[in-house]
Structures are given as structure tokens and as C-alpha cells.
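A quick write-up on the structure given underneath.
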Amino acid sequence: MIGLEHLGDPTGDWDIIETIGKGTYGKVYKVSNRKDGSEAAVKVLDPINDVDEEIEAEYNILRCLSNHPNVVKFYGMFYKADKLSGGQLWLVLELCNGGSVTDLIKGLLMRGQRLEEALISYILYGALLGLQHLHNNRIIHRDVKGNNILLTTEGGVKLVDFGNDCLPFILLPGGLVKRLCSADECAFAEEHVCGDSLLDGARGQAQGCVLRLGPYMQ
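According to this note's numbering, the sequence shown is numbered sequentially starting from 365.
Quick look at the structure:
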């Protein structure tokens, strides 16, 4: 378990510029680094009194695996204490100014346009490289969708969202996949236990659904 007392205060390094997103976990802000003026995105979770398993899992995946060009870069986790309203946990990430694939498709549809096949292939290829990196390090991303594939203004394609939907696993004899839980080892539910080829097929099916958004989304 990560102790909040060991995390630095973000206010000495980062200034919030604007809100760029929100979800059930909290909000996402665009921030600027006080030292060099560089910009980033920060996922703020509040109120936070301790680091639960989901947060710790996301932190560990980002810390260990964000060194890939198709996984969002991770700049650190911080804690902003507030005795009155509860503390804030900051996950500082690479700023992806291009938005999500879902945002891109919706914007095109509003103008009566669709993604060109070459761009669909480019995005899909980048996402698959990111997934391959996760799989090579025994992580399954179970929530591959347009909202979790972000784009940068430099043409980057980045996988995001590595909470509870991402599972560590090991390969058993015969190609079976077994989940590793934080407290102890526990097997997948029946519908999630499959051979290597079926695991790849399930990920491929999810990617196929993302791909279909381009030419067919109404």
C-alpha cells in the first residue's frame, strides 16, 4: 500500500490552467509546470483518504509501462492535503491535445464526414502496438474503446485508463490465462478463461469494434 505521506505536494510544481474532462472518479485538468512551463494533464481524484487497490494498480502500470510511445506518459503521483474537504490525489500524465478517437469521430460526423481508411489504419496500428506492449508485460486492458485511445497534435496514438479494467495475468500449461489478484491469486470467471489464441481474439474483437466506429458510426 502506498502511503499518502510519502507523496509530494503538487502545488509547488504545477498550476491548473483549465478543466478538460470529468468522470465518475473526478476531473481532468490541463496544468503548467512552474519550472519550465511545460504542459500536462492531471487526473484529480478526491476526496482521498488512502490509496485503494484500483489506484495503486493504475499507478504501478503507469510507472512501469508508460515508457512506450503508444502508452500515455506518466510524470508522477502527488497528494494535496485538505483537512476540511478531504485530500486530492493527482496523477500527472502526458497532455493529449488531440482528444479521444470518439471525440474525433463525433466531430467529423457533425460535419457530415467520416474517418478515412488510412487514418483508421494508422490509429488502429498505434493502439495495437500499445496493447502488444501491455500483453508482453502480462497486462490485459479490458476496456479498449474510442474514449480510451487519445491523440496528440504531433500524431501520437496513446492508450489510457489503467485502473481496475487492467488485469495482471500469467499463462498456465495448455495456454490458459489466470488472473493475479493483489491479495492472492484467483482465476478468471469462466467466460474469461481462454487459450492464447482466444485471448488475442478477444482483444482483436474489441479493436474491431473501435475500427467500425470510423466508417459505420451513425
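Glycine included, every Cβ here is placed at the ideal spot set by N, Cα and C.
Your pair Lys-444 and Gly-450 does not check out as a contact, with CB atoms roughly 10 Å apart and the cut at 8 Å. Leaving aside the five residues that flank Thr-383 on each side, the residues in its chain whose CB is nearer than 6 Å to its CB run, in chain order, Lys-391 and Tyr-393. Its chain contains Lys-407 and Met-441 as the residues whose beta carbon lies nearer than 6 Å to that of Leu-455, once the 5 sequence neighbours on both sides are disregarded; these appear in chain order. Between the segment 460–467 and the segment 408–422, the count of C-beta pairs closer than 8 Å stays below three; the two stretches do not touch.
Leaving aside the five residues that flank Asn-512 on each side, the residues in its chain whose CB is nearer than 6 Å to its CB run, in chain order, Val-524 and Asp-525. Excluding the 5 residues flanking it on each side, Val-436 has same chain C-beta neighbours closer than 8 Å at Leu-426, Ser-430, Leu-457, Glu-458, Cys-460, Leu-514, Lys-522, Leu-523 and Val-524, in chain order.
Where Gly-471 is concerned, the enclosing alpha helix (DSSP H) starts and stops at 465–474. Fewer than three Cβ pairs drawn from the segment 397–404 and the segment 470–480 lie within less than 8 Å of each other, which leaves the two stretches out of contact. Your pair Glu-420 and Ile-366 checks out as a contact, with CB atoms roughly 6 Å apart and the cut at 8 Å.
The C-alpha of Trp-378 is placed about 6 Å away from the C-alpha of Val-395. Residues of the same chain with a CB within less than 7 Å of the CB of Leu-371, apart from the 5 flanking positions on each side, are Met-441, Phe-442 and Tyr-443 in chain order. In the three-state reduction of the DSSP assignment, Tyr-486 falls in the helix class. Apart from the 5 residues on each side of it in sequence, Tyr-423 sits with its Cβ closer than 8 Å to the Cβ of Ile-366, Val-415, Met-441 and Leu-455 in its chain, given in chain order.
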